[in-house]
Amino acid sequence: MADRPSKDQLGARLQELRSAYRERLNDELAAITRLAEEALNQTDAAESITLLGQKLHKLAGSAGTFGFHRLGSHARQLEQRIQEWLDGAASAASFNLIAFTQDLKTLQFHLGADEAASRSISVEHTGQEPEPDSPLIAVVERDEILAKYIAHQLESFGFRVRCYHDPQTFLVNNDGSTDLLLLDHRSGAAESVSTSTEHWQMLLKDVQCPVIFMGGHEDFFVRLEAVRAGADGYFVKPLNIPKVAKKITQSIRKQRQHNERILIIDDDAELISHLQTVLTKEGMVVEILSDPTRLINTTAEFQPELLLVDLNMPEVTGDELASMIRQFDQWNNLPILYLTREQSQEARAHALLSGGDDFINKPISDDYLIKTCRNRVRRQRDMQQAISHDGLTGLLRHANIKDALETELQGSRRSGNPLSVVMLDIDHFKQVNDTYGHALGDIVISTVGTLVSQHFRRSDRLGRYGGEEFVVALPNCDAKTAYTLVDRLRQAFGEISFVERSRRFVCTLSAGIADTQTFPDTTAEQLLDQADAALYRSKNAGRNCVSIASEPKESQ
1 MADRPSKDQL
11 GARLQELRSA
21 YRERLNDELA
31 AITRLAEEAL
41 NQTDAAESIT
51 LLGQKLHKLA
61 GSAGTFGFHR
71 LGSHARQLEQ
81 RIQEWLDGAA
91 SAASFNLIAF
101 TQDLKTLQFH
111 LGADEAASRS
121 ISVEHTGQEP
131 EPDSPLIAVV
141 ERDEILAKYI
151 AHQLESFGFR
161 VRCYHDPQTF
171 LVNNDGSTDL
181 LLLDHRSGAA
191 ESVSTSTEHW
201 QMLLKDVQCP
211 VIFMGGHEDF
221 FVRLEAVRAG
231 ADGYFVKPLN
241 IPKVAKKITQ
251 SIRKQRQHNE
261 RILIIDDDAE
271 LISHLQTVLT
281 KEGMVVEILS
291 DPTRLINTTA
301 EFQPELLLVD
311 LNMPEVTGDE
321 LASMIRQFDQ
331 WNNLPILYLT
341 REQSQEARAH
351 ALLSGGDDFI
361 NKPISDDYLI
371 KTCRNRVRRQ
381 RDMQQAISHD
391 GLTGLLRHAN
401 IKDALETELQ
411 GSRRSGNPLS
421 VVMLDIDHFK
431 QVNDTYGHAL
441 GDIVISTVGT
451 LVSQHFRRSD
461 RLGRYGGEEF
471 VVALPNCDAK
481 TAYTLVDRLR
491 QAFGEISFVE
501 RSRRFVCTLS
511 AGIADTQTFP
521 DTTAEQLLDQ
531 ADAALYRSKN
541 AGRNCVSIAS
551 EPKESQ
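Just so you know, full-length UniProt numbering puts 212 at position 212 of the sequence shown, and the rest follows in order with no gaps.
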């Protein structure tokens with residue numbers, strides 16, 4: 001097996017990509033100037049101006065990624081002036097090609113300014129190879145150097161990456177193993193100023209994985225194009241890779257979420273059987289209830305994400321059941337949809353005031369039923385995610401990770417399986433904020449959050465405890481196994497270089513682990529205290545290491 005490249009070798013590889021791009025800039029700027037000068041001598045210069053706009057668009061999209069922010073920003077401004085003229089927003093007389101050609105010469109000035117003070121913020125490749133079962137990301141980007149650069153940075157977060165020059169090549173080679181497609185929205189057609197929505201819809205109609213668009217500029221219609229193509233997001237170049245990596249992780253996790261859980265309450269046995277069959281065929285988990293008196297017990301046992309309730313039943317009405325459900329705090333936000341033929345606006349208003357959210361009118365279209373249920377559950381999950389998860393890292397908030405730990409501890413006691421608790425802390429984090437500012441400090445914290453999401457199982461509970469401190473609860477995992485997982489995370493984070501203003505720095509993690517095999521009779525709070533004490537042992541041992549709490553008296 002070949003030796004893994006060292007950090008110096010990986011840094012050199014990225015520097016080679018930057019250098020290759022810098023050398024190419026000379027040719028690109030010369031080609032842009034030459035094209036503008038040719039247009040000056042043409043009677044009808046529309047075609048040349050269109051091509052000039054395309055070249056400026058490409059430059060605007062890639063320059064900032066490699067740290068040439070002023071160059072990219074000015075190229076974007078020039079491109080927008082051309083686009084306004086082509087769209088008819090500016091008159092032909094107002095587009096002074098001579099003056100525009102003079103403005104092009106300032107691109108070289110901005111290039112020099114960027115080289116004098118680069119403002120790029122990026123991460124560089126870890127020394128660890130991604131795991132074979134890590135998410136596979138397909139990057140479609142026409143610019144080969146830029147594609148490689150994006151790939152190297154995404155690999156820092158543990159993703160496997162394959163690069164393609166155009167969507168057609170990706171589609172031909174896609175075997176269904178791709179977990180997410182990161183797509184340059186200008187790569188679909190040959191150097192066209194705009195790409196039709198129909199084009200993307202047709203191109204992506206058979207792509208099953210989430211899609212994220214990236215583009216050279218912020219524009220309402222480009223975002224609309226991405227939305228209509230079914231994309232999960234749109235990022236403007238130069239890419240903020242930590243933010244992109246976080247979005248990739250969230251999109252993949254959402255794709256892999258467990259099936260929707262639907263509880264149907266209706267006295268019509270044939271109808272609820274049909275509804276159950278339709279929804280189950282779509283992969284949803286459905287429980288049916290014809291006896292309303294079992295509502296509370298069934299809801300507690302089944303834990304539905306959506307209730308479908310018949311509004312008019314012989315002995316009890318759907319709005320009465322909704323009012324009953326709303327008496328329980330844990331179900332106060334549970335979506336409730338009424339199944340009804342009721343057309344009275346007064347009766348509908350009363351039903352909504354009783355605690356229901358909306359109506360599904362009988363007779364019910366199968367397609368409408370499926371889409372309504374799926375959308376309601378998705379929106380509910382998104383809302384719960386926003387409430388319970390930290391916005392910067394995507395991990396559980398302080399109170400929520402403590403609640404999750406308590407739940408996992410109870411489960412561990414019932415099953416007899418071990419539970420490990422991990423406390424993680426970024427070493428010398430205050431120095432990062434003091435030296436580089438809080439914006440870059442947030443990127444470091446966000447990077448840890450994404451790596452934590454990548455390195456642990458879907459069943460593990462992951463939280464940001466506060467500031468630069470994190471908590472992980474690992475069910476069915478003893479301290480020895482947890483040590484292996486956490487130390488792999490520690491190594492991966494330590495191999496990442498953060499780059500800002502041509503300055504490069506690394507951060508490290510310290511961790512402490514406590515498990516229920518060593519501390520069988522402790523509370524969740526006491527188990528956290530033991531992990532915290534082990535964390536401080538790591539700090540006192542010089543940091544950048546992992547310690548296991550081994551004795552109950554350690555915290556005394």
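The C-beta atom is built at its ideal place from N, Cα and C for all residues, glycine as well.
Of the listed residues the options, nearest to residue i (C-alpha basis)
{"i": "residue 86", "options": "48, 328 and 62", "result": "48"}
{"i": "residue 404", "options": "418, 474 and 438", "result": "474"}
{"i": "residue 55", "options": "42, 75 and 71", "result": "75"}
{"i": "residue 532", "options": "499, 512, 550 and 203", "result": "512"}
{"i": "residue 491", "options": "426, 105 and 249", "result": "426"}
{"i": "residue 166", "options": "159, 156, 157 and 147", "result": "147"}
{"i": "residue 510", "options": "32, 477, 470 and 498", "result": "470"}
{"i": "residue 182", "options": "207, 199, 197 and 172", "result": "207"}
{"i": "residue 417", "options": "518, 361, 393 and 488", "result": "518"}
{"i": "residue 447", "options": "402, 408, 246 and 333", "result": "246"}
{"i": "residue 318", "options": "507, 153 and 351", "result": "351"}
{"i": "residue 23", "options": "51, 358, 459 and 68", "result": "68"}
{"i": "residue 409", "options": "383, 521 and 302", "result": "521"}
{"i": "residue 199", "options": "168, 164, 216 and 70", "result": "168"}
{"i": "residue 313", "options": "298, 340, 299 and 303", "result": "340"}
{"i": "residue 420", "options": "104, 468 and 459", "result": "459"}
{"i": "residue 25", "options": "100, 66, 38 and 481", "result": "66"}
{"i": "residue 102", "options": "145, 149 and 34", "result": "34"}
{"i": "residue 333", "options": "387, 343, 372 and 30", "result": "387"}
{"i": "residue 160", "options": "249, 230 and 58", "result": "249"}
{"i": "residue 150", "options": "175, 61 and 489", "result": "61"}
{"i": "residue 377", "options": "215, 303, 218 and 484", "result": "303"}
{"i": "residue 172", "options": "476, 203 and 290", "result": "203"}
{"i": "residue 32", "options": "231, 59 and 44", "result": "59"}
DSSP bridge partner residues for residue i (one or two, in chain order)
{"i": "residue 37", "result": "In DSSP, residue 37 forms no bridge with anything."}
{"i": "residue 78", "result": "Per DSSP, none; premise fails for residue 78."}
{"i": "residue 504", "result": "499"}
{"i": "residue 464", "result": "470"}
{"i": "residue 261", "result": "285"}
{"i": "residue 404", "result": "Answer is none; residue 404 lacks a bridge partner."}
{"i": "residue 426", "result": "509"}
{"i": "residue 475", "result": "419"}
{"i": "residue 443", "result": "DSSP output for residue 443 lists no bridge partner at all."}
{"i": "residue 452", "result": "Answer is none; residue 452 lacks a bridge partner."}
{"i": "residue 548", "result": "513"}
{"i": "residue 25", "result": "Its beta-bridge partners do not exist; DSSP assigns none."}
Closer than 7 Å to chain D by CB, residue i
{"i": "residue 148", "result": "The structure shown contains no chain D, having only a single protein chain."}
Contact check, residue i vs residue j, beta carbons under 7 Å
{"i": "residue 398", "j": "residue 465", "result": "yes"}
{"i": "residue 252", "j": "residue 179", "result": "yes"}
{"i": "residue 441", "j": "residue 395", "result": "no"}
{"i": "residue 316", "j": "residue 335", "result": "no"}
{"i": "residue 295", "j": "residue 309", "result": "no"}
{"i": "residue 443", "j": "residue 242", "result": "yes"}
{"i": "residue 370", "j": "residue 495", "result": "no"}
{"i": "residue 307", "j": "residue 271", "result": "no"}
{"i": "residue 107", "j": "residue 40", "result": "no"}
{"i": "residue 516", "j": "residue 412", "result": "yes"}
{"i": "residue 368", "j": "residue 356", "result": "no"}
{"i": "residue 549", "j": "residue 526", "result": "no"}
{"i": "residue 64", "j": "residue 53", "result": "no"}
{"i": "residue 499", "j": "residue 422", "result": "no"}
{"i": "residue 323", "j": "residue 273", "result": "no"}
{"i": "residue 571", "j": "residue 134", "result": "Nothing about residue 571 can be read from this structure; the chain reaches only from 1 to 556."}
{"i": "residue 406", "j": "residue 524", "result": "yes"}
{"i": "residue 487", "j": "residue 546", "result": "yes"}
{"i": "residue 305", "j": "residue 380", "result": "yes"}
{"i": "residue 212", "j": "residue 21", "result": "no"}
{"i": "residue 175", "j": "residue 210", "result": "no"}
{"i": "residue 497", "j": "residue 503", "result": "no"}
{"i": "residue 215", "j": "residue 222", "result": "yes"}
The ligand COA heavy atom lying under 6 Å from the CB of residue i
{"i": "residue 327", "result": "The ligand COA is not part of this structure, which contains no ligands at all."}
Exercise for review: State whether the stretch 432-445 contacts the stretch 132-144, with contact taken as three or more CB pairs (one from each stretch) at a distance under 8 Å.
Suggested key: Not touching, per the Cβ criterion.
Exercise for review: Spell out a yes or no on whether the stretch 439-452 and the stretch 537-546 are touching, meaning 3 or more CB-CB pairs, one atom from each, closer than 8 Å.
Suggested key: A contact between stretches requires three or more CB pairs, one per stretch, nearer than 8 Å, and the stretch 439-452 fails this requirement with the stretch 537-546.
Practice item. Just list the alpha helix (DSSP H) runs in the UniProt domain "Response regulatory" (136-252), keeping only unbroken ones of 4 residues or longer that don't cross its boundaries, in chain order. Key: For secondary structure counted as the alpha helix (DSSP H) over 4 or more consecutive residues, the UniProt domain "Response regulatory" (136-252) holds these complete runs in sequence order: 144-155, 167-173, 197-204 and 220-228.
Practice item. Tell me, please, whether the stretch 283-291 touches the stretch 314-331 by the rule of three or more beta-carbon pairs shorter than 8 Å. Key: Between the stretch 283-291 and the stretch 314-331 there are fewer than three inter-stretch CB-CB distances shorter than 8 Å, so the stretches are not counted as touching.
**Study point:** Touching by the beta-carbon criterion (3+ pairs, under 8 Å), the stretch 245-259 and the stretch 60-79
**Key:** Verdict: no, contact absent.
Practice item. Within the stretch 358-388, note down every full beta strand (DSSP E) run reaching 3 residues or more, in order along the chain. Key: Runs of the beta strand (DSSP E) inside the stretch 358-388: 358-361.
Review point. With a cut-off of 8 Å, do at least 3 Cβ pairs link the stretch 221-234 to the stretch 256-276?
Key: With the cut-off at 8 Å, the stretch 221-234 and the stretch 256-276 do not touch.
Practice item. Return the chain-ordered ranges of every alpha helix (DSSP H) run that is complete within the stretch 280-358 and spans a minimum of 4 residues. Key: Segments of the alpha helix (DSSP H) lying fully in the stretch 280-358: 295-302, 318-325 and 345-353.
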